[in-house]
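Residue numbers (this note's numbering), protein chains in the order written: chain A, 62 to 208; chain B, 131 to 264.
First the structure, in the form of structure tokens, and then the observations on it.
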């Protein structure tokens, strides 16, 4: 995108990370993916291609039975709760940094999803959801007939 | 194709020289709960992406060190939509003031949470020192 330039201000190498960051940000904005609201739980990463979306989340120490995934058209919601380990009488905390309670997160996807084919797995505290694109939403190749 | 630009300037070292890791990877401080029961000190650390094979707990003198290695995941044929968290290893150390029964320390990992149980040592028996008249 940015070719070499003959003119420079200061050292060009100083600008490289900044330009790169700006470029990434631009690509992200124009890719049509909505950016998620900050400060939400759990944190989510999204990977996309034309066929499907892969959504991963860091959710350590959760009972998979208490995890709920709901898909509606082009939205997926991950919710559940993280249960604290309850202390018995005479036990005291030295420190308590881990968070507990209910969480819920909705992500808007770039296309409609075939909800019958959604797969989710939870291992090592990581949730991975595979969301295949709905058949009717896939781009279709148009045959051109020659007269 | 983009080539990562590397810093050519020399970096001054801090004194004393900090020890660095050989692997150039992100390292995170895991969130930890520590509680004390009558018999033990229990530590719970959130380390998503870690299992029993990739975690390392050591107690040297009174320093308890937790290390977890996360295998980087690659999604070939996908492009990143958005990323709110990054992957990396975990590292954290605590100084343990309690007397710990070293031979009975237990550690386990479940669903990305490391649990370390440090049983308290039996109180050391008071030793009477005989004093001789000299």
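Glycine included, each C-beta is placed from N, C-alpha and C at the ideal position.
| Query | Result |
| --- | --- |
| Any C-beta of chain A under 9 Å from that of residue 179(B) | yes |
| Cross-chain neighbours of residue 162(B) in chain A, by beta carbon under 8 Å | 156, 158, 159 |
| Simplified DSSP assignment, three categories, for residue 181(B) | coil |
| Near the ligand HEM: residue 236(B) beta-carbon under 8 Å from a heavy atom | Summarising the ligand content, the structure contains no ligands, and the ligand HEM is consequently not present. |
| Where the beta strand (DSSP E) containing residue 105(A) begins and where it ends | 105-109 |
| Where the beta strand (DSSP E) containing residue 182(A) begins and where it ends | 180-184 |
| Chain-order list of residues whose beta-carbon lies under 8 Å from that of residue 201(B) (same chain, five-residue window excluded) | 179, 184 |
| Assigned exposure category for residue 117(A) - 16 Cβ within 10 Å defines buried | buried |
| Reference residue 119(A); option with closest CA among 102(A), 133(A), 131(A), 112(A) | 102(A) |
| Inter-residue Cα distance where the pair is residue 207(A) and residue 184(A) | 54 Å |
| Residue 127(A), DSSP secondary structure in three states | helix |
| Interface partners of residue 115(A) on chain B, CB under 8 Å | 205, 208 |
| Test: residue 187(A) CB closer than 9 Å to a CB of chain B | yes |
| Pair within 9 Å by beta-carbon distance, residue 121(A) and residue 242(B) | yes |
| Proximity of residue 224(B) and residue 173(B) at Cβ, strictly below 9 Å | yes |
| Cross-chain neighbours of residue 121(A) in chain B, by beta carbon under 8 Å | 176, 177, 178, 241, 242, 243 |
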